[in-house]
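**Student:** Below is a structure I'd like to ask you about.
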Amino acid sequence: MILSTLCAGSGGQGVLTMGNVLGNAGMIQGFNATYLPAYGAAVRGGTANCTVSISDEEIASPVVSNPDILVAMNQPSAMAFMNRLVHGGKLIYNSSIVADLPKRSDIDYFPVAANELARELGNERSANMILLGSLIKVGQVLTPESVFKSLEILMGGKPALVEVSCRAVTRGYEIINQ
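Sequential numbering from -10 applies to the sequence shown in this note's numbering.
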């Protein structure tokens, strides 16, 4: 089993943090994991994306040309990467800011109003964690508990941030199939 994910958005949206948390959660669960970030020189506001692969076997390369899942935090990212999804792939997107997408009959779409949900939780900057929660539900490989542990490890010095991030992951997980 190998699950490859591409997370994409603008610098400052927490795309790379989402990928880092995801990869660490995979290792916490005993999987092999790779994380490959890519971002422009102007980090905040520029493009940012990362690929994460999680597998029960050795992973030969961190490069993912055709991901199983795309998480798009904004319109340009959805448009730029959705054609790279594998046949049968899954597109999770922030429907708060992604308005209109071309239709592919061979993929599944999961709109998540991440900005609104994050605002309801009291921290709009946690939209990335909302989408991460949706990703682990759609991917059906990782557990919320491993993501919580990953958040504690990566953000351990900031307990309030860990708490709001865990709540956001839970909300994103719950919103799928509601």
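For every residue, glycine included, the Cβ atom is placed at its ideal position computed from N, Cα and C.
How is the alpha helix (DSSP H) around T159 delimited, first residue to last?
**Tutor:** 148 to 164
**Student:** Could you pull the DSSP bridge partners for V136 from this structure?
**Tutor:** DSSP, once it has assigned bridges, lists no residue as partnering V136.
**Student:** May I ask which residues mark the beginning and end of the beta strand (DSSP E) holding A(-3)?
**Tutor:** Unbroken beta strand (DSSP E) run through A(-3): -9 to -1.
**Student:** By Cβ distance, which residues of its chain are closer than 7 Å to E105, with the 5 residues on each side in sequence left out?
**Tutor:** S85
**Student:** May I have the straight-line CA-CA distance separating K92 from N72, to the nearest angstrom?
**Tutor:** Between K92 and N72, the alpha-carbon positions lie close to 10 Å from each other.
**Student:** Within a Cβ cutoff of 8 Å, which residues of the same chain sit near S54, ignoring the five residues on either side of it in sequence?
**Tutor:** So the list reads R73, once near-sequence residues are dropped.
**Student:** Between the Cα of A157 and the Cα atoms of V87, L110, N63, which residue gives the shortest distance?
**Tutor:** L110
**Student:** Can you give the beta carbon distance from S44 to A(-3), rounded, assuming they're within the 8 Å contact cut?
**Tutor:** The pair is not a contact, with the Cβ atoms about 21 Å apart (cut-off 8 Å).
**Student:** Terminal residues of the continuous alpha helix (DSSP H) containing N117?
**Tutor:** 116 to 128
**Student:** What ranges does the beta strand (DSSP E) occupy inside the stretch 21 to 72, keeping only unbroken runs of at least 3 residues that lie completely in it?
**Tutor:** 21 to 28, 36 to 44, 58 to 61
**Student:** When we look at the beta-carbon of N166 and count the other beta-carbons within 10 Å, is it buried (16 or more) or exposed?
**Tutor:** exposed
**Student:** Which class does V101 belong to by DSSP, given the choice of helix, strand or coil?
**Tutor:** Strand at V101.
**Student:** Measure the CB-CB distance between Y98 and S123 and report whether it falls below 9 Å.
**Tutor:** Taking 9 Å as the cut-off, the beta carbon of Y98 is found no closer than this to the beta carbon of S123.
**Student:** Could you tell me which of N21, P51, E152 sits nearest to L(-5), measuring between CA atoms?
**Tutor:** P51
**Student:** Quick one: residues in its chain with C-beta nearer than 7 Å to the C-beta of I143, no 5 flanking neighbours on either side, listed in chain order?
**Tutor:** As written in the sequence, residue 143 is Leu, which differs from the Ile given in the question. Excluding sequence neighbours, L143 sits near N9, V10, N13.
**Student:** Compute the Euclidean distance between the alpha carbons of V4 and V60, then round it to the nearest angstrom.
**Tutor:** 9 Å
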